[in-house]
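Presented below is the structure to which this report refers.
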Amino acid sequence: MAIQYKIVGNPLTTPHSHSIRFVARNSASREDIAADIALRHPNFSKSDILSLLNTEDEVIALRLLNGEQVTKEGSCTWFPSFSGRLANPDDPIPPLDECLQINISVSQPFVERIRQNAQTERIAATEKLPVITSAEDQVLGLKDVLRADGMLRITGSDLFFDRKDGIGQCLIEGTHNGRAVQTRLGTITNAEITMMPDVPSQAQPWQNEYRLSVTTRYTENGTPRTGIYKQMLRTPLAVRIGDNAGILSSDSAAPLVTVSGGTLTEDETRLRIQVLYNAPDDELRFRLIDMEDGGKAGNEVRAAANGVYTLPGWTGCGVTSLCWHW
Numbered sequence: 019m020a021i022q023y024k025i026v027g028n029p030l031t032t033p034h035s036h037s038i039r040f041v042a043r044n045s046a047s048r049e050d051i052a053a054d055i056a057l058r059h060p061n062f063s064k065s066d067i068l069s070l071l072n073t074e075d076e077v078i079a080l081r082l083l084n085g086e087q088v089t090k091e092g093s094c095t096w097f098p099s100f101s102g103r104l105a106n107p108d109d110p111i112p113p114l115d116e117c118l119q120i121n122i123s124v125s126q127p128f129v130e131r132i133r134q135n136a137q138t139e140r141i142a143a144t145e146k147l148p149v150i151t152s153a154e155d156q157v158l159g160l161k162d163v164l165r166a167d168g169m170l171r172i173t174g175s176d177l178f179f180d181r182k183d184g185i186g187q188c189l190i191e192g193t194h195n196g197r198a199v200q201t202r203l204g205t206i207t208n209a210e211i212t213m214m215p216d217v218p219s220q221a222q223p224w225q226n227e228y229r230l231s232v233t234t235r236y237t238e239n240g241t242p243r244t245g246i247y248k249q250m251l252r253t254p255l256a257v258r259i260g261d262n263a264g265i266l267s268s269d270s271a272a273p274l275v276t277v278s279g280g281t282l283t284e285d286e287t288r289l290r291i292q293v294l295y296n297a298p299d300d301e302l303r304f305r306l307i308d309m310e311d312g313g314k315a316g317n318e319v320r321a322a323a324n325g326v327y328t329l330p331g332w333t334g335c336g337v338t339s340l341c342w343h344w
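In terms of this note's numbering, the sequence shown opens at residue 19 and continues consecutively.
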């Protein structure tokens with residue numbers, strides 16, 4: 019086993035420097051020590067050794083109370099000391115619970131023995147960051163949906179920021195262009211943020227993917243930290259059948275998928291299109307789904323190449339079929 023450490027920055031030093039900080043693997047108790055000794059000396063039981071360790075503490079305490087310095091050769095030394103300052107040499111000392119200290123000094127031979135046998139292991143420094151684990155439109159009850167007339171709730175950890183300090187913010191920005199710092203905020207805690215989202219417009223109507231991030235700092239003079247949500251938020255699109263409207267895009271200037279036709283049984287229908295990428299077969303799998311998680315869905319259509327595909331609806335869906343070009 020090795021002694022673990024990490025490198026920590028000292029932001030208040032000039033020039034900027036770093037320190038080496040010990041990272042404990044575990045905290046060994048008195049019972050752990052007794053068990054280790056019992057393994058080395060099987061003639062003594064763990065309970066006997068534990069009793070001796072407790073007695074050792076009692077004996078050392080009695081020696082210290084007698085005004086002695088206690089030395090365990092090759093290991094460490096216990097000795098009393100006093101803290102506090104007196105205005106005059108004849109003044110009484112402060113109460114003992116305020117000024118009396120007990121110090122332990124490790125002997126140099128013990129330190130040298132540890133140094134000679136020690137191995138070290140550097141671990142990666144972890145930086146405290148806002149972490150966004152979910153985003154949900156509270157009106158529709160759908161995850162990763164962004165609507166200007168909705169209520170967005172994001173959850174995670176270390177999310178809290180002060181709106182008044184000019185640094186902390188929640189930002190929504192389009193994958194192609196457009197960005198908006200959110201101002202219509204409700205709850206702001208470490209665990210969640212609620213807002214009526216300001217959705218920035220993008221260059222083309224089919225560009226409906228957005229990134230969500232939270233920026234904060236954890237001390238008055240600390241460095242701003244930004245956490246970015248791993249999922250894209252998507253705004254609903256209004257599509258008229260037969261207009262070849264784009265409905266699926268990344269940050270490109272042209273839509274990846276356009277609606278080329280279809281059959282409606284109602285004047286207006288709201289639904290979602292699920293797209294899954296199947297890596298082993300290198301194909302996309304499409305299907306129509308309703309507006310409830312785990313709700314109704316049409317049959318899946320697999321697409322391994324560009325072309326025109328027809329997605330079937332289901333009974334009562336309002337859409338018999340939807341044709342698109344990919």
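For every residue, glycine included, the Cβ atom is placed at its ideal position computed from N, Cα and C.
{"Item": "Which two residues bound the contiguous alpha helix (DSSP H) that contains V77?", "Value": "64 to 83"}
{"Item": "What does the alpha-carbon distance come out to for the pair E191 and I291?", "Value": "23 angstroms"}
{"Item": "With respect to the beta strand (DSSP E) encompassing L329, which residues constitute its N-terminal and C-terminal limits?", "Value": "326 to 330"}
{"Item": "Looking at the unbroken alpha helix (DSSP H) that takes in L114, where does it start and where does it end?", "Value": "114 to 117"}
{"Item": "Can you give the Cα-Cα distance for S267 and Y295, rounded to whole angstroms?", "Value": "15 angstroms"}
{"Item": "Can you tell me the Cα-Cα spacing of A153 and W96, whole angstroms?", "Value": "57 angstroms"}
{"Item": "Which residue from S93, D216, I172 puts its Cα closest to that of A209?", "Value": "I172"}
{"Item": "Over what stretch of residues does the alpha helix (DSSP H) that includes E49 continue unbroken?", "Value": "48 to 58"}
{"Item": "By DSSP, does V129 sit in helix, in strand, or in coil?", "Value": "helix"}
{"Item": "Between D258 and L189, what straight-line distance do the alpha-carbon atoms span, to the nearest angstrom?", "Value": "According to the sequence as given, residue 258 is Arg; it is not Asp. Approximately 31 angstroms, taken between the alpha carbons."}
{"Item": "Just mark E227 as buried or exposed, buried being the case when its beta carbon has 16 or more other beta carbons within 10 Å.", "Value": "buried"}
{"Item": "For the candidate residues D162, L114, D299, whose alpha-carbon lies nearest to that of M309?", "Value": "D162"}
{"Item": "To the nearest angstrom, how far is it from the Cα of L104 to the Cα of E116?", "Value": "13 angstroms"}
{"Item": "Find the nearest neighbour of G85 within the set P98, G92, V77, judged by alpha-carbon distance.", "Value": "P98"}
{"Item": "Could you name each continuous beta strand (DSSP E) segment of 3 residues or more that falls completely within the region 163 to 189, going from the start of the chain to the end?", "Value": "170 to 175"}
{"Item": "For the beta strand (DSSP E) that contains R305, what are its first and last residues?", "Value": "301 to 307"}
{"Item": "Pick out the complete beta strand (DSSP E) segments inside the region 182 to 235, 3 residues or longer, and give them in chain order.", "Value": "187 to 192, 197 to 199, 203 to 206, 210 to 213, 227 to 234"}
{"Item": "I need the straight-line Cα distance from D311 to L251, nearest angstrom please.", "Value": "16 angstroms"}
{"Item": "Between which two residues does the beta strand (DSSP E) containing F321 stretch?", "Value": "Before going further, note that residue 321 is Ala rather than Phe in the sequence given. Per DSSP, A321 belongs to the beta strand (DSSP E) from 319 to 321."}
{"Item": "Give me whichever residues DSSP pairs with A153 in a beta bridge.", "Value": "I172"}
{"Item": "If you check the beta carbons only, do A263 and W224 fall under 8 angstroms apart?", "Value": "yes"}
{"Item": "Helix, strand or coil for N262? Go by DSSP, reduced to three states.", "Value": "coil"}
{"Item": "Where does Q87 fall in DSSP's three states?", "Value": "coil"}
{"Item": "Please classify D155 as buried or exposed, where buried requires at least 16 other C-beta atoms within 10 Å of its C-beta.", "Value": "buried"}
{"Item": "How about G245 and V149: do their beta carbons lie closer than 8 angstroms?", "Value": "yes"}
{"Item": "With DSSP run on the structure shown, which of helix, strand or coil describes N106?", "Value": "coil"}
{"Item": "Going by DSSP, name the residue or residues bridged to I38.", "Value": "I25"}
{"Item": "Exposed or buried, G331, counting other C-beta atoms within 10 Å across all chains shown (16 or more means buried)?", "Value": "buried"}
{"Item": "Since G168 and L158 should fall inside the 8 angstroms C-beta cutoff, what is the C-beta to C-beta distance between them, to a whole number of angstroms?", "Value": "7 angstroms"}
{"Item": "Could you tell me the distance, in whole angstroms, from the CA atom of G260 to the CA atom of T234?", "Value": "46 angstroms"}
{"Item": "Nearest CA to the CA of C94: which residue from V129, N106, N317?", "Value": "V129"}
{"Item": "Using a Cβ distance threshold of 8 angstroms, determine whether the region 313 to 329 contacts the region 296 to 305, with at least three qualifying pairs required.", "Value": "yes"}
{"Item": "Counting C-beta neighbours from all protein chains within 10 Å, is the total for P382 16 or more, i.e. buried, or is it exposed?", "Value": "Only positions 19 to 344 of the chain appear in this structure, which leaves residue 382 out of reach."}
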